[in-house]
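Input: a single structure, listed below in structure tokens.
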Amino acid sequence: MVRIVVVDSGARGNALLYAYAHSLKESQQPFEGLVLGSLCASREDYVDLGNKEQVLDRILRYNPDLVDVAQDEALASGLVDTLRERGVKVFGPTKKASRIEWDKLWARDFMNRHQIPTPRYASFGHAQEAQAREYALRLIAEGKKIFFKAAGLCAGKGVVGASTKLEVEAAIRTMQERGAASQVYLIEEGIIGEEFSYFAIADGKSFHCFRSAQDNKRIYDGDNGPNTGGMGAHCPALITKGIDKRIIDTIIRPTFQGLAQEGTPYTGILYLGGIVTSSEEINVIEFNSRWGDPECLVVLPGIKTNYFELITKTIEGRLSEMHPEEDSLFRVAIVGASRGYPDAYEKGKRITFDSGKFPKQCWIVPAAVVERDGAQYTNGGRLFSVVAQGENLREAQKIALQGMSCFAVEGNGLHFRKDIGYRDLNRNKN
Ligand SMILES: Nc1ncnc2c1ncn2[C@@H]1O[C@H](COP(=O)(O)OP(=O)(O)O)[C@@H](O)[C@H]1O
Ligand SMILES: [Mg+2]
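When we follow this note's numbering, the leftmost residue of the sequence shown carries the number 479, and every step to the right adds one.
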């Protein structure tokens, strides 16, 4: 019996557990798994991933053969290091290696040390309000949009854009209010272009890159409205077509080499959030030290190589023996969210599902759905995703929308985007 724990709260945890389950079934090994921290867990089983002692206790009690730490806070807490010390087989970067995500200032300085393309930036403390204002206004006078970023983890709420004096004042106030995470914050030059997500797996010595993806972060169609954790994604993304080699040569490889040179070799998944300008310059927006959610929902199912074996070999430092392969299908994931998200929303609403109309080539990945007396109820902002695959992007999008139309949340409480993948669909038209 192989026992696996995935540490994560959202859809990503379930998608990863599914990848392990699928691969172990393929190799006919009996399997048992747990997603620790899941918002789908019952009240008794729920664990707050910020509570390291409790997380550790639950993991050790489960006695797993493999632990996959997939969530930012858990990585930043040093859970990987602690599990390793206890002799548990664990996948994910150490606390020091994951600093590339949990300390945005350290990450930018690291990129500079290794000539990795990064926007202009400067850092400030709470006491340096005047200097921050001056720097911000200087960039704005040059006609730049700028971004204020808390250096620490902020659950996706630490970045504020500004392009006017008024917005600069508001952004400075926000940084002062973000507490410990923004004690140090960055002001950086905004890069104009299109964003993409790129994922690599590494064992400290070698690495392998997967197909690129693009997510849609804004709440409304056409990338309008406030930012969210991600309202959907598609894979592969055309935006990186023809520049993969450059992404690898100028960003991915120097990053892994730099981390190893600095004594923090990276084992785990590295997520590059990048931006391509109209003149095809590539810049790093940020690095994360784990899979992206929702991107993993569309990248993972395309990996044909046995995922359990891939991860096991990577932990053993034998990634070079593997030659990961991906299929050539297109995938779209649409996130179903509570109406009101990312602002206030209600929990505990009944979810209904018309399974009769649910298409083939389509599946559901829960994120924050709880069961009570055989019925399903909402338990968060991003509730579940519908993922579909097809021979082309349009087909995948169409199937995913059909799948989503089978769901309803009490009181017209379900919100989702109808245009996931639209940038590539529009590109195809030209
Ligand atoms: N320098 C930049 N140029 C252009 N857009 C940026 C820049 N920095 C951040 N952004 C925008 O803000 C979003 C959030 O910033 P990011 O650094 O990814 O922080 P986080 O994901 O931790 O909130 C990005 O996805 C991007 O849309
Ligand atoms: Mg980001």
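The beta carbon of each residue, even a glycine, is placed where N, CA and C say it ideally should be.
Since this is a predicted model, take the numbers as computed values, not measurements.
Between Phe674 and Tyr613, the alpha-carbon positions lie close to 28 angstroms from each other. Beta-bridge partners assigned by DSSP to Val776: none are found. Here Gly556 has Lys530, Thr572, Lys573 as same chain residues with Cβ atoms under 8 angstroms from its own Cβ, once five neighbours each way along the sequence are excluded. In this model, Lys567 and Glu740 are separated by some 24 angstroms (Cα to Cα). For secondary structure counted as the beta strand (DSSP E) over 3 or more consecutive residues, the segment 586-658 holds these complete runs in sequence order: 599-603, 624-628, 637-640. Per DSSP, His500 is not a residue of any beta strand (DSSP E); the alpha helix (DSSP H) it occupies stretches across 489-504. The continuous stretches of alpha helix (DSSP H) do not include Phe808, which lies in the beta strand (DSSP E) extending over residues 808-820. When Cys632, Asp535, Tyr819 are compared, the shortest CA-CA separation from Gly703 is found for Tyr819. Going by C-alpha positions, Asn904 is about 14 angstroms away from Asp699.
The residues Glu804, in chain order, have a CB closer than 6 angstroms to that of Ile781 in the same chain once the five nearest residues on each side in sequence are set aside. Between ligand 2 and Gly488, a heavy atom-to-CB distance of less than 6 angstroms is absent. For the pair Ala628 and Ser757, the Cα-to-Cα distance works out to about 29 angstroms. From the listed residues Glu563, Ile594, Ser576, Thr652, the smallest Cα separation to Glu607 is found for Thr652. Taking a cut-off of 8 angstroms on C-beta distances, the segment 762-774 does not touch the segment 793-807, as fewer than three cross pairs fall below it. Around the Cβ of Thr755, a 10 Å sphere holds fewer than 16 other Cβ atoms; the residue is exposed. Pairing Lys825 with Thr790 gives a Cβ-Cβ distance that is not under 7 angstroms. In the DSSP assignment, Gly511 falls within the beta strand (DSSP E) that extends over 509-514. Residue state for Tyr749 is assigned as strand, using DSSP reduced to three classes.
The segment 877-887 and the segment 806-816 touch, with three or more beta-carbon pairs separated by less than 8 angstroms. Straight across, the Cα-Cα distance linking Leu737 with Arg895 is about 38 angstroms. In this structure, Ala715 lies away from Ala678, with their beta-carbon atoms at least 7 angstroms apart. For Glu579, the closest C-alpha among the options Arg850, Leu748, Arg536, Pro837 is that of Leu748. The residue from Asn705, Ser487, Tyr785 with its alpha-carbon nearest to that of Ser505 is Tyr785.
Counting only residues whose CB is nearer than 6 angstroms to a non-hydrogen atom of ligand 2, the list in chain order is Gly751, Glu764.
About 6 angstroms separates the Cβ atoms of Arg481 and Tyr540, confirming a contact at the 8 angstroms cut-off.
Here Asn590 is exposed. Its C-beta has fewer than 16 other C-beta atoms within 10 Å.
Taking C-beta atoms under 8 angstroms as the contact rule, Gly682 and Pro743 qualify, at a distance of about 3 angstroms. The alpha-carbon of Ala648 is positioned some 10 angstroms away from that of Gly639. Between Arg611 and Ile650 the beta-carbon gap is near 6 angstroms, inside 8 angstroms, which marks them as a contact. The residues Ala866, Ile877, Gln880, Gly881, in chain order, have a CB closer than 8 angstroms to that of Pro837 in the same chain once the five nearest residues on each side in sequence are set aside.
Look at the segment 549-578 and you find these whole runs of alpha helix (DSSP H), each 4 residues long or longer: 550-554, 557-563.
The distance from the Cβ of Ile760 to that of Pro595 is about 6 angstroms, consistent with a contact at the 8 angstroms cut-off. At a threshold of 6 angstroms, Val646 does not count as near ligand 1, since its beta carbon sits no closer than that to any of the ligand's heavy atoms.
At least one heavy atom of ligand 1 lies less than 6 angstroms from the C-beta of Ile669. The closest CA to that of Asp832, considering only Tyr676, Val847, Ser883, is found on Ser883. Only buried fits Met709, as 16 or more other CB atoms lie within 10 angstroms of its CB.
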